[in-house]
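Novice: First the structure, which I've put down as structure tokens, then a few questions once you've had a look.
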Amino acid sequence: MFKNTFNFTIKCVRSYTAKAFSIQEKNISELILNNTGTSSQNWKALREKLLASSSDITTNTIDSLILSSYIGNEHLTQAKSYINYLQNKNIKLNLATIGKCFKLHYFMHLKGLTTEKDEENILHMYENLINEYPLLDSITSENVILGLSVTKDWKACYHILKDMKITCIPNTASYNALISAAFSHDDYDMAWLLFQEMIENNRTPTILTYLAYLEQIKESDCKTKHSRLNDLFENVASYGLDLHTKVAEKIVEITDGNSKLTSISKEGMCKCCNSKLRRLGLSASEFEKLKNAFFKNVIIGKNVFYKTTPVELERFKGFVESMDKFDVIVDGLNVAYSAGVKQSPLVHSMLLAAVVEHFVKQRKKVLILGRSHLEKLPKKNWFFIKRNSTVFLVDDISQDDPYILYCG
555 MFKNTFNFTI KCVRSYTAKA FSIQEKNISE LILNNTGTSS QNWKALREKL LASSSDITTN
615 TIDSLILSSY IGNEHLTQAK SYINYLQNKN IKLNLATIGK CFKLHYFMHL KGLTTEKDEE
675 NILHMYENLI NEYPLLDSIT SENVILGLSV TKDWKACYHI LKDMKITCIP NTASYNALIS
735 AAFSHDDYDM AWLLFQEMIE NNRTPTILTY LAYLEQIKES DCKTKHSRLN DLFENVASYG
795 LDLHTKVAEK IVEITDGNSK LTSISKEGMC KCCNSKLRRL GLSASEFEKL KNAFFKNVII
855 GKNVFYKTTP VELERFKGFV ESMDKFDVIV DGLNVAYSAG VKQSPLVHSM LLAAVVEHFV
915 KQRKKVLILG RSHLEKLPKK NWFFIKRNST VFLVDDISQD DPYILYCG
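Residue numbers 555 to 962, in this note's numbering, belong to the letters of the sequence shown in order.
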């Protein structure tokens with residue numbers, strides 16, 4: 555009883571603390587965003603209010619906090635005004651704040667709000683940064699890549715990205731910023747190499763990356779444009795990527811009326827030209843590779859005893875090698891217990907028998923996979939199931955799901 559009471563108390567305290575912190579965080583954010591002034595006195599007053607509002611806010615964290623709120627809510631001119639205030643007051647910027655400066659430059663560039671002077675300032679800031687910190691942490695590196703990627707020194711981002719890969723996998727924003735920069739400066743080899751690396755690292759291309767590529771090839775001659783579009787389509791198809799509607803609209807725009815937006819029916823038919831899309835499939839060697847990888851990593855795993863036994867595994871391998879093709883694979887336990895585990899064995903057996911009968915009437919070959927205790931179902935229905943389907947049962951302590959997936 556005391557243990558339960560203690561656990562309940564801890565949960566209440568945690569919940570209350572989290573809620574209180576959330577309210578405080580919201581109030582601080584509102585205080586920053588409601589500030590619309592840009593004078594030196596205004597910024598000084600805001601800093602004083604924030605420092606007095608919470609013991610968690612210190613002179614080391616306040617500048618990064620203010621910039622994060624403005625940038626995150628797209629109040630970019632306010633953020634720039636605050637940076638100017640810090641520089642005019644000769645307030646030393648820490649790494650977190652410097653990172654936000656690079657991030658701000660990137661987003662302002664996307665909005666068309668930067669000048670040549672802004673670029674000079676960000677490049678000067680980068681020069682000072684690497685002189686003081688030859689090795690950057692991953693978060694600062696990500697922000698620096700964003701800011702530098704839209705400057706004439708964009709290639710420096712490649713070396714920063716390379717250093718990052720020593721300790722972590724760069725984030726999506728870093729990859730996309732550098733790839734977009736490479737596309738925008740006609741360095742297609744670097745761009746596609748990083749594009750492929752990004753996908754292999756489970757990072758996703760953004761709309762902006764595709765648009766940067768399409769914008770760059772827009773003025774190319776017809777032959778070059780056609781070739782570049784093929785490069786795009788081949789890479790997208792190779793990795794099974796989807797293109798956003800905005801990207802499709804851009805393709806229509808740059809092809810001067812030689813393409814149209816369309817939709818595809820469930821049967822794979824284009825509603826514009828009535829051509830049918832090629833079916834996606836695996837070659838025999840690709841399927842064999844996939845099958846072996848699944849068997850090794852999912853069924854066997856790190857320890858064969860976690861999911862099955864060596865004897866059972868060999869029995870299954872022999873079964874797979876000897877079995878015919880099946881039209882339907884049924885998870886016996888899931889079907890039997892679909893009416894609820896508290897139902898009688900008779901109900902369980904009737905459900906499974908009904909499913910088998912349904913497919914047999916359609917002249918389908920059925921494989922039932924399940925656990926040994928299915929054999930305890932009432933004999934009449936179990937006999938019908940075994941007579942009209944092929945059955946493979948694993949031990950009750952084994953996991954049957956990997957086997958079902960493998961056979962599928």
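Glycine included, C-beta positions come from ideal geometry on N, C-alpha and C.
Would you call the stretch 588 to 601 in contact with the stretch 631 to 641, where contact means no fewer than 3 C-beta pairs closer than 8 Å?
Specialist: Taking 8 Å as the limit for Cβ pairs, the verdict is that the stretch 631 to 641 does touch the stretch 588 to 601.
Novice: Out of LEU768, LYS654 and TYR660, which one is the CA nearest neighbour of ILE805?
Specialist: Here residue 805 corresponds to residue number 251 of the sequence shown, with the count starting at 1. Comparing Cα-Cα distances from ILE805 to each of LEU768, LYS654 and TYR660, the minimum goes to LEU768.
Novice: Three-state secondary structure (DSSP) at THR721?
Specialist: Walking along the sequence shown from the start, residue 721 turns up at place 167. Note: THR721 maps to coil in three-state DSSP.
Novice: For a quick check, are the C-beta atoms of SER903 and LEU931 less than 7 Å apart?
Specialist: In the sequence shown, the residue the question calls residue 903 occupies position 349. In the sequence shown, the residue the question calls residue 931 occupies position 377. Yes, they are a contact pair.
Novice: Can you tell me whether ARG601 is buried or exposed, with buried defined as 16 or more other CB within 10 angstroms of its CB?
Specialist: To locate residue 601, count along the sequence shown from 1; it is residue 47. So ARG601 counts as buried.
Novice: If I measure Cβ to Cβ from SER943 and keep anything under 6 Å in the same chain, skipping five residues before and after, which residues do I get?
Specialist: Within the sequence shown, the letter at position 389 stands for residue 943. Cβ within range, chain order: VAL910, VAL920 and ILE922.
Novice: What residue range does the beta strand (DSSP E) around GLY811 cover?
Specialist: Working through the sequence shown from its first residue, we reach residue 811 at position 257. Element bounds for GLY811: n/a, residue is neither H nor E.
Novice: Between the beta-carbon of GLY591 and the beta-carbon of HIS659, is there less than 7 Å?
Specialist: What you label residue 591 is simply residue 37 of the sequence shown in a count that begins at 1. What you label residue 659 is simply residue 105 of the sequence shown in a count that begins at 1. Result no, Cβ atoms of GLY591 and HIS659 do not sit closer than 7 Å.
Novice: Just the C-alpha distance for LYS719 and THR651, rounded to the nearest angstrom, thanks.
Specialist: As a first step, residue 719 must be located in the sequence shown, where it is residue number 165. As a first step, residue 651 must be located in the sequence shown, where it is residue number 97. Approximately 23 Å between the Cα atoms of the pair.
Novice: Please name the residue in CYS655, ILE582 and ILE818 whose C-alpha comes closest to that of GLU673.
Specialist: Numbered from its first residue, the sequence shown carries residue 673 at position 119. Ranking the options by Cα distance to GLU673, first place goes to CYS655.
Novice: So, are the CB atoms of ILE723 and ASN755 less than 7 Å apart?
Specialist: Translated into the one-based positions of the sequence shown, residue 723 becomes position 169. Translated into the one-based positions of the sequence shown, residue 755 becomes position 201. In contact: ILE723 and ASN755 (Cβ atoms closer than 7 Å).
Novice: My output table needs one value for GLU824: the three-state DSSP class, helix, strand or coil.
Specialist: Taking the sequence shown and counting its residues from 1, the one referred to as residue 824 is at position 270. According to the sequence shown, residue 824 is Cys rather than Glu. Three-state DSSP puts CYS824 in a strand.
Novice: Bridge partners for THR944 per DSSP, in chain order?
Specialist: To locate residue 944, count along the sequence shown from 1; it is residue 390. Note: THR944 sits in a beta bridge opposite LEU921.
Novice: Between the C-alpha atoms of SER819 and ARG832, what's the straight-line distance to the nearest angstrom?
Specialist: Looking up residue 819 in the sequence shown gives position 265. Looking up residue 832 in the sequence shown gives position 278. Near 13 Å, if we compare the C-alpha coordinates of ARG832 and SER819.
Novice: With C-beta atoms as the reference, is GLY653 less than 7 Å away from ASN685?
Specialist: Taking the sequence shown and counting its residues from 1, the one referred to as residue 653 is at position 99. Taking the sequence shown and counting its residues from 1, the one referred to as residue 685 is at position 131. No, the Cβ-Cβ distance between GLY653 and ASN685 is not below 7 Å.
Novice: Taking a contact to mean a Cβ-Cβ separation below 7 Å, would you say ILE733 touches THR763 in this structure?
Specialist: If you number the sequence shown from 1, residue 733 lands on position 179. If you number the sequence shown from 1, residue 763 lands on position 209. Result yes, Cβ atoms of ILE733 and THR763 sit closer than 7 Å.
Novice: Along the chain, where does the beta strand (DSSP E) containing ASP885 start, and where does it finish?
Specialist: Working through the sequence shown from its first residue, we reach residue 885 at position 331. Unbroken beta strand (DSSP E) run through ASP885: 882 to 885.
Novice: For ILE616, collect the residues of the same chain with a Cβ closer than 7 Å to its Cβ; drop the 5 residues on either side in sequence, then sort them by chain order.
Specialist: Position 62 of the sequence shown, counted from the start, is the residue given in the question as residue 616. ARG601, LEU604 and LEU605.
Novice: Taking the straight line between their C-alpha atoms, what separation do you get for VAL858 and ASP885?
Specialist: Within the sequence shown, the letter at position 304 stands for residue 858. Within the sequence shown, the letter at position 331 stands for residue 885. The predicted position of VAL858 is uncertain, since its pLDDT is 40 and thus under 50; no value can be drawn from it.
Novice: Please report how far the alpha carbon of ASP878 lies from the alpha carbon of HIS927, in whole angstroms.
Specialist: For this step, residue 878 is matched to residue 324 along the sequence shown. For this step, residue 927 is matched to residue 373 along the sequence shown. ASP878 and HIS927: Cα-Cα distance of roughly 25 Å.
Novice: From the DSSP secondary-structure annotation, give me the bridge partner or partners of ILE818.
Specialist: Translated into the one-based positions of the sequence shown, residue 818 becomes position 264. CYS824, per the DSSP bridge assignment.
Novice: In or out: TYR860 buried (at least 16 other Cβ within 10 Å) or exposed?
Specialist: Counting from 1 along the sequence shown, the entry for residue 860 is found at position 306. For TYR860, the pLDDT reaches just 40, beneath the cut-off of 50, and the residue's location in the model is therefore unreliable, leaving the point undetermined.
Novice: Of the residues GLU788, ASN725, LEU887 and VAL801, which one's Cα is nearest the Cα of THR758?
Specialist: Reading the sequence shown from its first residue, position 204 is the one you call residue 758. It is ASN725 whose Cα lies nearest to the Cα of THR758.
Novice: Tell whether a beta-carbon distance below 7 Å holds between LYS825 and THR816.
Specialist: What you label residue 825 is simply residue 271 of the sequence shown in a count that begins at 1. What you label residue 816 is simply residue 262 of the sequence shown in a count that begins at 1. For LYS825 and THR816, yes; Cβs fall inside 7 Å.
Novice: Can you have a look at PHE787 and say buried or exposed, based on whether 16 or more other CB atoms are within 10 angstroms of its CB?
Specialist: For this step, residue 787 is matched to residue 233 along the sequence shown. Exposed: under 16 other Cβ atoms inside 10 Å.
Novice: So the candidates are LEU587, ILE582 and TYR624; which of them puts its Cα closest to the Cα of ILE611?
Specialist: As a first step, residue 611 is located in the sequence shown; it is residue number 57 there, counting from the start. Comparing Cα-Cα distances from ILE611 to each of LEU587, ILE582 and TYR624, the minimum goes to ILE582.
Novice: By how many angstroms is the C-alpha of LEU905 removed from the C-alpha of VAL948?
Specialist: Residue mapping note: residue 948 aligns to position 394 of the sequence shown, counting from 1. Residue mapping note: residue 905 aligns to position 351 of the sequence shown, counting from 1. Straight-line Cα distance between these residues: approximately 20 Å.
Novice: Straight-line CA distance for ALA890 to VAL901?
Specialist: On the sequence shown, residue 890 is found 336 positions in, with the first residue counted as 1. On the sequence shown, residue 901 is found 347 positions in, with the first residue counted as 1. Rounded to whole angstroms, ALA890 to VAL901 spans 8 Å at the Cα level.
Novice: In whole angstroms, what separates the C-alpha of PHE749 from that of GLU821?
Specialist: The residue labelled residue 749 in the question sits at position 195 within the sequence shown. The residue labelled residue 821 in the question sits at position 267 within the sequence shown. So the alpha carbons of these two residues sit roughly 31 Å apart.
Novice: Closest by CA to GLU751, which one among GLY811, THR778, TYR712 and ARG869?
Specialist: The residue given as residue 751 occupies position 197 in the sequence shown. Out of GLY811, THR778, TYR712 and ARG869, TYR712 has the C-alpha closest to the C-alpha of GLU751.
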